[in-house]
Structures are given as C-alpha cells and as structure tokens.
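Reviewing the structure listed below.
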Amino acid sequence: MKTLLYLVFLLSTSVFSQELPDPLAKEKEGYFKLLATKYVLMPHNGTFLLPIVYNTKPHEDLYSGIKGITNQKNAKFYKKEETEFQISFMIPIQNRIFKSHFDLNVAYTHHAWWQLYNKEYSRPFRETNYMPEIFLRYIDPSTSEFAGIDLMAADIGFVHQSNGQIQIISRSWNRLYGRMFMQGYGFKFIASGWYRIPEKRNEDENRKIQEFMGYGRLEIIKNLGKHTLSLKVPLAARYLSTDLKYSYPWKDNLRWYVSVQSGYGHSLIEYNRYTQRYGAGVVLDSFIDKVIE
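Right under this line is the structure:
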C-alpha cells in the first residue's frame, strides 16, 4: 500500500508537461498584504471537513476502560466510519520584531475525530488533539535561488500537542522546531525538524513517540493546473507512514478534498498503532492552491 501511494503521487506529477509560472513573488506579495492588518486570522496547517472517513482497522482496545463503565459493552465504541475535521489558524502578533525580517506569531490547530455514525454511544468525539504554537517567521525579502530552490520563509518556535484526556488515554508532548517553506523544480516543499523536550520517565505518556512520528516531516506539494496533490512523510522515523491528499476547486474559497493515510501518528491516541484511512470532504483554500494560473 505504501509503495502504491508513492507511485500514484509520482506518476500523477508527470502527466502534465506544462510547468506553471514562478509564483514565489506573487505569494509573498499576498502574504505581506495580510500582515499589514494586525491580529488577522491566517491559514496555518489547513482547515477541512471530512464528513465520511473509513478506517480499515480501528483499535477498539484503546477504549476498553470506557466500555467497561457503560451499558453498551457489546457495541463498538470505535466504528470504522466516522467524521474528521480540523480548524487551524495563525495570528501575527508583532511584525518586523526588533526591526528585523522576523515576525512573531501564535497559532492554534484543533483536530477532531467524531464518531458521528455511532448512535449506540451517543455519537462521541473519540479523539481530539489540541496544538497551540508560538514561533518566529523569517520572510526572505528577495527571490534568491540556491541549487534551483527558492526559500519562501523559515520558522523557529515551540509547540505543545495533547489530546486533553486523563490517565491511560492521555497523550501529550512538547517540541522545539524549525521549519522551511521552499519551492523548486515545479514543486513546493515544507521541511520541518523538531526536538522533543524530555519528560520524567514516570510522567511520559507516550514513550518512543519519535520512533513512529520521527524527528521531523517533509511535505511535497504539486499544482497540476487546478489540481493540487500533497504527500507528507515523517523524517528519521523507524516506521514509514504516508499522508496523501488531493484537492480541486469547488466554489468560492472551498475545494473538494480527498485524503488517504497509511501508517502511524495520524492521531495522538494511535501514535504507535498502524491505521489505514480513506476520507472525502472539503478544505479551505490556501496560498498554494490559489496560485495556479
């Protein structure tokens, strides 16, 4: 399955021979216009709604403690069909901090997995991940190129991620990270690296999480006319995971959205459990989606 996802992604990028015009200067111009308005909400990690997601292998045992205190012991708490959505935004706090090219930003990502079709358990939110961030962003004022790669921006910051649960189903970790936004050879690249802030062994709720989620992540994005494809993979992880997404304009700022995920770390509760998920829905436009002409 993992090999098939890579082949589909690489094959689809070779179908279209016509390259798009260099959009780097246009993207920066739009970004700076938004920054001129203080405390404006800006896109961050993507905002989407997948009304139907199918998981081929739900891990019911994760919720055995919950099942034991209900009257629905024979029903499935984790059905294969559910709804998934994410709300993610960043807010510029201070532009050109200390008269440099760095901007201070805060961001928040709310990712939820909702058992909407599970009437027996009152349609619960099976898992919710909360991710606040604070970071400095450097915007390259030029359009310089190195080895065919243009640098759009670079971030350095701190992020906390948790699922807000207690006891055996609690998951959380804190990281310092660096992130670069680049483009070249007809692709966009978002490369991240992070350092997990150590915790005491008796307080660590997800030991060896970096074996599954890696020490960073690489996202490769390709615009093919009005089509947008993206592939995310962890860096330096012991176990391979893939996250393949496709979108196409629908109306206004909405796009049709298809998601195929295979591997580990797609939610904190299942960071060390293999899952294979297929979803369809809508996603809000991003800068990368808009620059397609």
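If you count the sequence shown from 1, you need to add 922 to reach my numbering. For each residue, glycine too, the CB sits at the ideal point set by N, CA and C. Small disclaimer: the values here were computed from a predicted structure and weren't measured.
Alpha carbon of residue i to alpha carbon of residue j, nearest angstrom
i, j, result
"leucine 1206", "tyrosine 1179", "9 Å"
"leucine 1058", "threonine 969", "22 Å"
"tyrosine 1240", "isoleucine 1131", "Outside the displayed range of the chain (923 to 1215) lies residue 1240, so it cannot be described from this structure."
"tyrosine 1158", "arginine 1129", "The question names tyrosine, yet the displayed sequence has alanine at residue 1158. Roughly 16 Å between the two C-alpha positions."
"aspartate 1165", "lysine 1110", "16 Å"
"serine 1163", "tyrosine 1186", "6 Å"
"glutamine 1226", "tryptophan 1095", "Because the chain spans 923 through 1215 in this model, residue 1226 falls outside it and cannot be assessed."
"valine 962", "alanine 997", "45 Å"
"isoleucine 1143", "arginine 1097", "25 Å"
"glycine 1106", "methionine 1074", "11 Å"
"proline 1156", "glutamate 1141", "9 Å"
"leucine 1146", "alanine 1069", "23 Å"
"glycine 1138", "glutamate 1067", "24 Å"
"histidine 1023", "proline 1063", "8 Å"
"tyrosine 892", "asparagine 967", "Residue 892 lies beyond the residue range present for the chain, which begins at 923 and ends at 1215; the question has no answer from this structure."
"tyrosine 985", "isoleucine 1071", "46 Å"
"tyrosine 1161", "lysine 1021", "43 Å"
"arginine 1018", "isoleucine 1061", "10 Å"
"proline 1046", "leucine 972", "16 Å"
"isoleucine 1088", "isoleucine 1191", "12 Å"
"arginine 1101", "glutamate 1121", "23 Å"
"lysine 1173", "threonine 1150", "15 Å"
"alanine 1076", "methionine 964", "16 Å"
"alanine 1202", "serine 1152", "15 Å"
"glycine 1086", "methionine 1053", "10 Å"
"serine 1044", "glutamine 1008", "21 Å"
"tryptophan 1116", "arginine 1123", "20 Å"
"glutamate 1125", "isoleucine 1112", "32 Å"
"histidine 1033", "glutamine 1083", "11 Å"
"serine 1114", "aspartate 1025", "18 Å"
heavy atom of the ligand ADP below 7 Å from residue i C-beta
i, result
"threonine 1197", "Of ligands this structure carries none, so the ligand ADP is not represented either."
Proximal residues to residue i (C-beta, below 6 Å), its chain only, five neighbours per side dropped
i, result
"asparagine 1040", "Lys1001"
"glutamine 1198", "Thr978, Ser1184"
"aspartate 1056", "Position check: residue 1056 holds isoleucine in this sequence, whereas aspartate was assumed. Contacts found: Val1028, Gly1079, Phe1080."
"aspartate 944", "Here the model assigns aspartate 944 a pLDDT of 49, short of 50, so the residue's position is not dependable, and the following value carries that caveat. The answer is none, since no qualifying residue turns up."
"isoleucine 1119", "Asn1096"
"glutamate 982", "Tyr1000"
"phenylalanine 1103", "Met1074, Ala1075, Ile1112"
Residue range of the unbroken beta strand (DSSP E) whose run includes residue i
i, result
"phenylalanine 1134", "Segment 1131-1135 is the alpha helix (DSSP H) holding phenylalanine 1134; no beta strand (DSSP E) there."
"phenylalanine 970", "970-977"
"tyrosine 1052", "1047-1061"
"proline 1014", "1003-1016"
"arginine 1139", "1138-1146"
"phenylalanine 1024", "1024-1036"
"serine 1208", "Looking at the DSSP string, serine 1208 is not in any beta strand (DSSP E), and its letter there is neither H nor E."
"leucine 963", "Unbroken run through leucine 963: none, as it is neither H nor E."
"proline 980", "Per DSSP, proline 980 belongs to no beta strand (DSSP E) and is neither H nor E."
"tyrosine 1170", "1164-1173"
"serine 1044", "Premise fails: serine 1044 is in no beta strand (DSSP E) and is neither H nor E."
"serine 1181", "1176-1185"
"serine 1189", "Counting along the chain, serine 1189 falls outside any beta strand (DSSP E), and DSSP gives it neither H nor E."
"proline 1156", "1149-1157"
Cutoff 7 Å; reference residue i; Cβ partners in own chain excluding five residues on either side
i, result
"serine 1189", "Trp1035, Glu1049, Asn1051"
Contacting residues, own chain, Cβ-Cβ under 8 Å from residue i (five flanking each side not counted)
i, result
"tyrosine 1193", "Arg1093, Asn1128, Ile1131, Phe1134, Met1135, Tyr1186, Gly1187"
"leucine 864", "Past the edges of the chain, shown from 923 to 1215, lies residue 864, and the structure says nothing about it."
"arginine 1195", "His981, Leu984, Tyr1186"
Pairing CB atoms from the stretch 997-1005 with CB atoms from the stretch 966-978, are three or more of them under 8 Å? yes
Are the stretch 1010-1019 and the stretch 1028-1044 in contact at 8 Å, needing three or more beta carbon pairs? yes
Those runs of the beta strand (DSSP E) which lie wholly inside the stretch 1079-1112 and span at least 3 residues: 1094-1106
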